[in-house]
Amino acid sequence: MYRKKEKNYVCFFYEINKESVQEKGGSIVRKVGSFLKMASCYDIDDILVEEQRVPVVFQQAVNGVDIDPSAETHCVEPGSKVELPYWLAHELHLRKVAKMKVPACFNQRTKLELGADGASVDLRSRCPYFYEFGCKIAPMVGDRDMGSFLLSAFRTRYQKILAKAHNAAFTAHSKLLSYLTKEETNLYEAAQSSMAAFKKWRIGGPRFKRASVLGRKRKEAS
0 MYRKKEKNYV CFFYEINKES VQEKGGSIVR KVGSFLKMAS CYDIDDILVE EQRVPVVFQQ
60 AVNGVDIDPS AETHCVEPGS KVELPYWLAH ELHLRKVAKM KVPACFNQRT KLELGADGAS
120 VDLRSRCPYF YEFGCKIAPM VGDRDMGSFL LSAFRTRYQK ILAKAHNAAF TAHSKLLSYL
180 TKEETNLYEA AQSSMAAFKK WRIGGPRFKR ASVLGRKRKE AS
């Protein structure tokens, strides 16, 4: 099912760019190939961020595509509302073919919940890359408050993440990770690793190490 949708998106991307491809004398194989080569330059997390779904409203009609499998015709009419991967929605938005809307994970309900008890909100189920995705979405939807909202949410949850990383038992650890975003999970694991290294050092690890450069200088001086 995923492969079928991916094929539809590639065909749709081609339809939007058909004129430019023909003018340059290129083929759909080279067009898609160069696109995939460009995507491989990113790390896996960035690729997954751009796979997040974004609601869009089409401003222009597009023929010969199957974005919605339930549709009777192979075209998208102006005013049609669909959800697309960010990488495709971003391209259509820049070409003024479609207009992005704020995804549900950043709606008013989420903002109210984060404002009331931000540290306990399950952000992973709403968007595993909540902060990075929000930074990409903000300039596209013209939301001037998105930046301050993301910063406030991160600050509130960051304090709890550090506290839990140092003190949480295994059961609490598993429960906590179930609602942390990918970015927060990386911070949590880094804090735990740092604490484990500190405890190991305190129990009996090497205290100080003489820098090798000091030994060389003393020998040269003598």
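Residue numbers for the sequence shown follow numbering that gives the first Met the number 0, beginning at 0 and rising by one.
Virtual Cβ for every residue (Gly too), placed ideally from N, Cα, C.
For clarity, every value in this text was computed on a predicted model and none was experimentally measured.
Cα-Cα separation, residue i to residue j
{"i": "T184", "j": "L176", "result": "7 Å"}
{"i": "A103", "j": "L111", "result": "13 Å"}
{"i": "K163", "j": "L47", "result": "27 Å"}
{"i": "K198", "j": "R156", "result": "25 Å"}
{"i": "E182", "j": "E82", "result": "24 Å"}
{"i": "Q158", "j": "P77", "result": "46 Å"}
{"i": "H165", "j": "A189", "result": "11 Å"}
{"i": "S192", "j": "W200", "result": "12 Å"}
{"i": "N135", "j": "V120", "result": "The sequence given here places Lys at residue 135; Asn does not occur at that position. Approximately 22 Å, taken between the alpha carbons."}
{"i": "C126", "j": "A60", "result": "30 Å"}
{"i": "R94", "j": "A196", "result": "51 Å"}
{"i": "G117", "j": "E90", "result": "33 Å"}
{"i": "L222", "j": "D144", "result": "A question about residue 222 goes unanswered here, because the residues of the chain that appear run from 0 up to 221."}
{"i": "N62", "j": "A115", "result": "46 Å"}
{"i": "D45", "j": "S124", "result": "18 Å"}
Bridge-paired residues (DSSP) for residue i
{"i": "A88", "result": "Per DSSP, none; premise fails for A88."}
{"i": "A97", "result": "F57"}
{"i": "K174", "result": "In DSSP, K174 forms no bridge with anything."}
{"i": "L74", "result": "Rather than Leu, the amino acid found at residue 74 in this sequence is Cys. BP columns for C74 point to N62."}
{"i": "V81", "result": "V55"}
Where residue i falls, given that 16 or more other Cβ within 10 Å makes a residue buried
{"i": "P138", "result": "exposed"}
{"i": "I43", "result": "exposed"}
{"i": "L87", "result": "buried"}
{"i": "R108", "result": "exposed"}
{"i": "H73", "result": "exposed"}
{"i": "G146", "result": "exposed"}
Spatial neighbours of residue i in its chain, beta-carbon cut-off 6 Å, leaving aside the 5 residues before and after
{"i": "F57", "result": "V75, P77, S79 and A97"}
{"i": "Y128", "result": "V48 and K181"}
{"i": "R52", "result": "E82"}
{"i": "L113", "result": "V120 and A152"}
Nearest-angstrom beta carbon gap, residue j and residue i [assumed within contact, 8 Å]
{"i": "V140", "j": "K174", "result": "The Cβ separation is near 33 Å, so there is no contact."}
{"i": "F153", "j": "Y130", "result": "6 Å"}
{"i": "L186", "j": "I160", "result": "6 Å"}
{"i": "Y85", "j": "L122", "result": "So it is not a contact: roughly 17 Å between Cβ atoms."}
Sequence-distant residues of the same chain with beta carbon closer than 7 Å to residue i, five excluded per side
{"i": "M194", "result": "A164 and H165"}
Cβ neighbours of residue i in the same chain (closer than 8 Å, five flanking residues each side left out)
{"i": "H92", "result": "V55, K98, M99 and M139"}
{"i": "E50", "result": "P84, Y85 and W86"}
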